[in-house]
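Okay, structure first, notes after.
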Amino acid sequence: MSAGGGGGTTECTGSDTRQLGQNCQRGNLSATQGNLSYLYLYVPSGTRSIKITSSGGTGDADLYYSSTGWATSTSYTQRSINSGNAETLTITNPPAGYNYVSLYGKQAFSGVTVKSEY
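Right, here's the structure in full:
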């Protein structure tokens, strides 16, 4: 029943489709130009770093991160704004508790996967 995937990463299992988890991914994300696809994860205390990557799909999505609230193109802690959908953020010593990630549609995008590793 496994869908497979790179590096043994599986789909996150939380019932909220916006929720990322430890070493899992959310696929088939989309948003229109100028809009956001929101995600979040709960970081256990003592976590040294989190790596968040986006990949695949069509269009152009930028990756944003915030430790204090929903990440947007105007309110963020870190961002990755390469052309296309291949973005990577590494957050060192993230605060314990909820952390927030979003994909911003520089152009409309669809079919993008976001993976969280820690």
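Plus 759 on top of the position in the sequence shown (first one is 1) and you've got the numbering used here. Glycine is no exception: its CB is placed at the ideal position from the N, C-alpha and C atoms. Computed from a prediction, not measured in an experiment: that's the story for all the values here.
Assuming residue i and residue j make a contact with CB atoms under 8 Å, what is their CB distance in whole Å?
| i | j | result |
| --- | --- | --- |
| residue 868 | residue 804 | Incorrect: roughly 34 Å between the Cβ atoms, too far for contact. |
| residue 864 | residue 791 | 6 Å |
| residue 826 | residue 854 | 5 Å |
| residue 844 | residue 820 | 5 Å |
Check for me: the beta strand (DSSP E) holding residue i runs from which residue to which?
| i | result |
| --- | --- |
| residue 783 | 783 to 790 |
| residue 870 | 868 to 876 |
| residue 778 | Per DSSP, residue 778 belongs to no beta strand (DSSP E) and is neither H nor E. |
| residue 819 | Per DSSP, residue 819 belongs to no beta strand (DSSP E) and is neither H nor E. |
| residue 936 | Only positions 760 to 877 of the chain appear in the structure, and residue 936 is not among them; the question remains open. |
Please say whether residue j and residue i have beta carbons closer to each other than 8 Å?
| i | j | result |
| --- | --- | --- |
| residue 795 | residue 875 | no |
| residue 816 | residue 871 | yes |
| residue 861 | residue 829 | yes |
Beta-carbon of residue i versus every beta-carbon of chain C: anything under 8 Å?
| i | result |
| --- | --- |
| residue 857 | Absent from the structure is chain C; it holds one protein chain and no more. |
With DSSP as the reference, label residue i as helix, strand or coil.
| i | result |
| --- | --- |
| residue 861 | strand |
| residue 856 | strand |
| residue 842 | coil |
| residue 833 | coil |
Original post:
Quick one: any contact between the segment 777 to 787 and the segment 834 to 852, if contact means 3 or more CB pairs under 8 Å?
Top reply: The way I'd put it, the segment 777 to 787 doesn't touch the segment 834 to 852; fewer than three beta-carbon pairs between them come closer than 8 Å.
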